[in-house]
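Enquirer: Got a structure for you, written out below as structure tokens; questions coming shortly.
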Amino acid sequence: MKKLIVTTLLAISTFATPTTTEFNNWLESLKTELNEKNGFSYALLDEAFDGVTFNTDVIKYDRRQPEHVMSMGRYLNIVISSERVEKGQKYQRQLDDIFTQIRQDYNFQSRFLLSFWALETNFSSITGKLDIIRSLTTLTYDGRRSAFFKKELINALTMLDKGIYSYPTERMQGSWAGAMGSTQFMPSTMLAYAIDYDQDGYINMWENRHDFLGSSANFLSQVGWRGDESWGHEIELPQDFDYFHSGLKYKEDLQYWIDRDITLKGGTQLPHTDGKTAIYLPQGAKGPAFIVYPNFFTIFKWNNSEKYALGIGVLSDLINNRADYFSKFNLNEKSFMSFEMAKQIQAKLNELGHDAGPVDGIPGKQTTAAIQRYQVSIGQIPDGYLTKELAEEILSK
Ligand SMILES: [Ca+2]
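As numbered in mature numbering (1 follows the signal peptide of the UniProt record, and there is no 0), residues -18 to -1, 1 to 379 make up the sequence shown, in order.
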């Protein structure tokens, strides 16, 4: 499910490609272990690993590094298009019987399922063509995250062993890291959450819309999705709003914000939730302001990325024609932040006495607070949002 969209790529760091003999010897000992320790039959193992070789492309994908961190505006521009919204609306009408059934069984809204389906594989058009067993075997051989990928390889073998999953191709295919099907489930997610929703005897996560949509609702419901709540709402911030209390790390009960005069756009009271909420300004004080509800944080359990979560929320609103705020996003925002630049900014903020924390190139809560203190010192609204202009100004001090 995890995907990294990047603007430009740096040169790939080096890695050692094994010789055919080295790899085959290792693979034989792995098969022995999988038989003796994990109980897979040699019949299954021989078939699963038939013709499997080390795939250098997979390691190249694993090592690629973005030169710049993608800006929020650029990301939204890429994942959201009018064509995608229209396609979502078309499927919402066409698949109404499936969505009605899912609503009854899981209390799950169609617009969110359509958004996950869109962001993962553009409605099943890009599900990945790499051999899953080969990719996971390569990543198990490679040292970087061996233990994680070995578990997923064992899960993929368990899928083959169970014989209840069906694939459109002879061998299981998917992304370089092992995600599969129309909603890009990893093998562990497949085993835990994929279901035969149309009860035809097979779980087909590639082509059977009942199965992959039902499985996605099953997964999200089990990790805490609330079918009667949205992801978030556009809000109106009062004049005296304390920007030091905005951001996803500051979770509060709804009453906390009501007491501070926060309302929906137009002054209407915030819809009820008994879960934690946060004030979220994805493009700073100049962009649209939101209050995010528990579902927003549940999206992180599918893909731990703030941009992805906002992409799902915004697309779901556009599909249901309720994204009046959309024009407030700056979709022309350039990507400019790099790891090196983040380190320079942290060092500069520390030098100026704003305590940005360790100079690690990964701006977190402490760096955001330092940016806010810097903004106060120059008379700006302390939204903690680092625009290109603000970054350049800090570095010029
Ligand atoms: Ca089925």
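Backbone N, C-alpha and C fix where the C-beta goes; we use that ideal spot for every residue, glycine too.
Go ahead and pull the three-state DSSP assignment for Ile80.
Expert: The answer is helix: DSSP assigns Ile80 an H, G or I state.
Enquirer: Rounded to whole angstroms, what's the CA-CA distance from Phe311 to Ile62? Just pull it up for me.
Expert: Near 12 Å, if we compare the C-alpha coordinates of Ile62 and Phe311.
Enquirer: Taking only the alpha-carbon atoms, compute the straight-line gap between Asn137 and Gly145 and give it to the nearest angstrom.
Expert: Roughly 13 Å separates the two Cα atoms.
Enquirer: Looking at Asn186 and ligand 1, is the gap between the Cβ and the nearest heavy atom below 7 Å?
Expert: Yes, the Cβ of Asn186 comes within 7 Å of a heavy atom of ligand 1.
Enquirer: Using the Cα positions of residue 381 and Phe278, report the straight-line distance between them to the nearest angstrom.
Expert: Outside the displayed span of the chain (-18 to 379) sits residue 381, for which this structure offers no information.
Enquirer: My understanding is that residue 380 touches Glu218, with C-beta atoms under 8 Å, so please give their C-beta distance in whole angstroms.
Expert: Not covered by the structure: residue 380. The range shown for the chain is -18 to 379.
Enquirer: Helix or strand or just coil, what does DSSP make of Glu218?
Expert: Of the three classes helix, strand and coil, the one that applies to Glu218 here is strand, per DSSP.
Enquirer: If you draw a straight line from the alpha carbon of Ala100 to that of Ser92, how long is it in whole angstroms?
Expert: Near 12 Å, if we compare the C-alpha coordinates of Ser92 and Ala100.
Enquirer: Can you round the beta-carbon distance between Met141 and Ser164 to whole angstroms, since I take them to be within the 8 Å contact cut?
Expert: The Cβ separation is near 16 Å, so there is no contact.
Enquirer: Does the distance from the CB of Arg153 to the CB of Asp113 come in under 8 Å?
Expert: The answer is yes: Cβ separation under 8 Å.
Enquirer: Where does Ile301 fall in DSSP's three states?
Expert: Helix, per DSSP.
Enquirer: Check Met162 in the structure and name its three-state DSSP category.
Expert: The answer is strand: DSSP assigns Met162 an E or B state.
Enquirer: At a cut-off of 7 Å, would you count Asp178 as near ligand 1, judging by its Cβ distance to the nearest heavy atom?
Expert: For ligand 1, at least one heavy atom lies less than 7 Å from the Cβ of Asp178.
Enquirer: In this structure, what does DSSP give as the bridge partners for Ser260?
Expert: Note that residue 260 is Ala in the sequence shown here, rather than Ser. Bridge partners of Ala260: Val274.
Enquirer: I'd like to check one pair, Tyr179 with Tyr147: are the Cβ atoms closer than 8 Å?
Expert: No; because the gap between Cβ atoms is not below 8 Å, this pair is not in contact.
Enquirer: Within 8 Å, do at least three Cβ pairs link the region 330 to 339 to the region 61 to 76?
Expert: Too few Cβ pairs lie closer than 8 Å, so no.
Enquirer: Use the C-beta contact count for Thr14: other C-beta atoms within 10 angstroms, 16 or more gives buried, fewer gives exposed.
Expert: By the 10 Å Cβ count, Thr14 comes out exposed.
Enquirer: Could you have a look at Tyr175 and say whether DSSP puts it in helix, strand or coil?
Expert: Three-state DSSP puts Tyr175 in a helix.
Enquirer: Indicate the three-state DSSP secondary structure (helix, strand or coil) for Ile(-14) in the structure shown.
Expert: The pLDDT assigned to Ile(-14) is 46, lower than 50, so where the model puts this residue is not dependable; a value taken from the coordinates is nonetheless given after this. Coil at Ile(-14), not helix or strand.
Enquirer: DSSP state of Asp337, grouped into three classes?
Expert: In the structure shown, Asp337 sits in coil (DSSP, three-state: anything other than H, G, I, E or B).
Enquirer: Return yes when the C-beta of Asn190 is under 7 Å from any heavy atom of ligand 1, and no when it is not.
Expert: Asn190 Cβ: within cutoff of ligand 1.
Enquirer: I'd like the span of the alpha helix (DSSP H) that includes Val61, first residue to last.
Expert: It spans Met54 to Val61 - the alpha helix (DSSP H) in which Val61 sits, taken as one unbroken run.
Enquirer: Is the beta carbon of Asp79 within less than 7 Å of some heavy atom of ligand 1?
Expert: Not so, every heavy atom of ligand 1 lies at least 7 Å from the Cβ.
Enquirer: Taking the C-alpha atoms as reference points, what is the distance between Val205 and Thr1?
Expert: One C-alpha to the other measures close to 43 Å.
Enquirer: Would the beta-carbon of Asp210 be found less than 7 Å away from any heavy atom of ligand 1?
Expert: No, the beta carbon of Asp210 sits no closer than 7 Å to any heavy atom of ligand 1.
Enquirer: Name the one or two DSSP bridge partners that Lys147 has.
Expert: Note that residue 147 is Tyr in the sequence shown here, rather than Lys. BP columns for Tyr147 point to Ile185.
Enquirer: What residues are listed by DSSP as bridge partners for Thr245?
Expert: DSSP output for Thr245 lists Glu218 as bridge partner(s).
Enquirer: Quick one: using the 10 Å Cβ neighbour count with 16 as the cut-off for buried, is His192 buried or exposed?
Expert: The residue in question, His192, is buried, as its Cβ has 16 or more Cβ neighbours within 10 Å.
Enquirer: For the alpha helix (DSSP H) that contains Leu26, what are its first and last residues?
Expert: Here the alpha helix (DSSP H) through Leu26 covers Tyr24 to Ala30.
Enquirer: Work out the CA separation of Gln47 and Ala(-8) for me, nearest whole Å.
Expert: Residue placement at Ala(-8) cannot be trusted, given a pLDDT of 46 that sits under 50; what the coordinates show is reported in the next sentence. Roughly 8 Å separates the two Cα atoms.
Enquirer: Taking Ile122 as part of the alpha helix (DSSP H), name the residues at either end of that continuous run.
Expert: This sequence places Thr at residue 122; Ile is not what is there. Start and end: Ile114 to Tyr123.
Enquirer: Do Leu236 and Thr245 count as a contact pair if the criterion is CB distance below 8 Å?
Expert: Taking 8 Å as the Cβ cut-off, Thr245 and Leu236 do not qualify as a contacting pair.
Enquirer: Given the structure, does Asp193 come close to ligand 1, in the sense that its CB is under 7 Å from one of the ligand's heavy atoms?
Expert: Asp193: yes, Cβ under 7 Å from ligand 1.
Enquirer: State the DSSP-derived secondary structure class of Phe5, mapped to helix, strand or coil.
Expert: Three-state result, Phe5: helix.
Enquirer: Would the beta-carbon of Thr120 fall within 8 Å of that of Val67?
Expert: Not in contact: Thr120 and Val67 (Cβ atoms no closer than 8 Å).
Enquirer: Gly110 and Ser157 look like a contact to me (Cβ under 8 Å); what is the Cβ gap, rounded to whole Å?
Expert: Contact holds; Cβ gap of about 4 Å.
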